[in-house]
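In the working numbering, the protein residues as written are 14 to 226.
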């Protein structure tokens, strides 16, 4: 399986040779479902990326993760705590009202690549798939996008910020992870949305319309 606009990535060769990654597809406790692993890449083609919003790993509660960092589908009425904090910052930074639900596919369609450093997780066990190979994909995507020099990277949390050097020479907006454990230590008040748009303007790129329904 490859994603057409990212088919040039060398990762795909490693993917088909990495039995740990391939085996995840047959396990019922792997989140999200296999057909959603590369949803972020499918919804935001390589040549359309303006902003990369880099998170950690998918939600580990069944029914929430669907392949986009921080996003949940509309049927999820109770928003994850990290997403609630993102929406608090969204309202404080941009002055927009609370979105109707946690579906961030609108951002994806406007050039925001909602990427996690790790694309899968074992149900109920955060970071359980760290180190089995997904980071190679994340790193390669970031390096390839950085060569465009017209991309802004939003790095949320220490794990995402480990990729800062790979973003060079593109501008970076860094903040604490929006998790309740760290949001008060540098996420609230970070103005990640307006800062990203300011850096896009400096690059001569049209700003992202962050408004959600």
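Here a beta-carbon is modelled for each residue, glycine too, at the ideal position from N, C-alpha and C.
Computed from a predicted model, the values in this text were never measured in an experiment.
Residue range of the unbroken beta strand (DSSP E) whose run includes residue 187: Where residue 187 is concerned, the enclosing beta strand (DSSP E) stretches over 185-188.
Rounded separation between residue 197 and residue 30 - CA only: 42 Å
Cα-Cα separation, residue 118 to residue 82: If I take the Cα positions, the gap works out to 10 Å.
Nearest residue (CA-CA) to residue 147, options 158, 225, 223, 129: 129
Among 35, 20, 69, 41, nearest to residue 55 - alpha-carbon criterion: 20
Endpoints, the alpha helix (DSSP H) within which residue 210 is located: 205-216
C-beta atoms of residue 125 and residue 216 nearer than 7 Å: Judged by beta-carbon spacing, residue 216 lies beyond the 7 Å limit of residue 125, meaning their Cβ atoms are not closer than that value.
Stretch-stretch touch, CB-based, cutoff 8 Å, three pairs: the stretch 66-81 with the stretch 134-148: With the cut-off at 8 Å, the stretch 66-81 and the stretch 134-148 touch.
Touching by the beta-carbon criterion (3+ pairs, under 8 Å), the stretch 144-164 and the stretch 90-100: no
Pair within 7 Å by beta-carbon distance, residue 200 and residue 187: no
Spatial distance of residue 50 from residue 89 (CA atoms): 19 Å
Alpha helix (DSSP H) runs contained entirely in the stretch 26-106, provided each spans 4 or more residues: 32-37, 52-56
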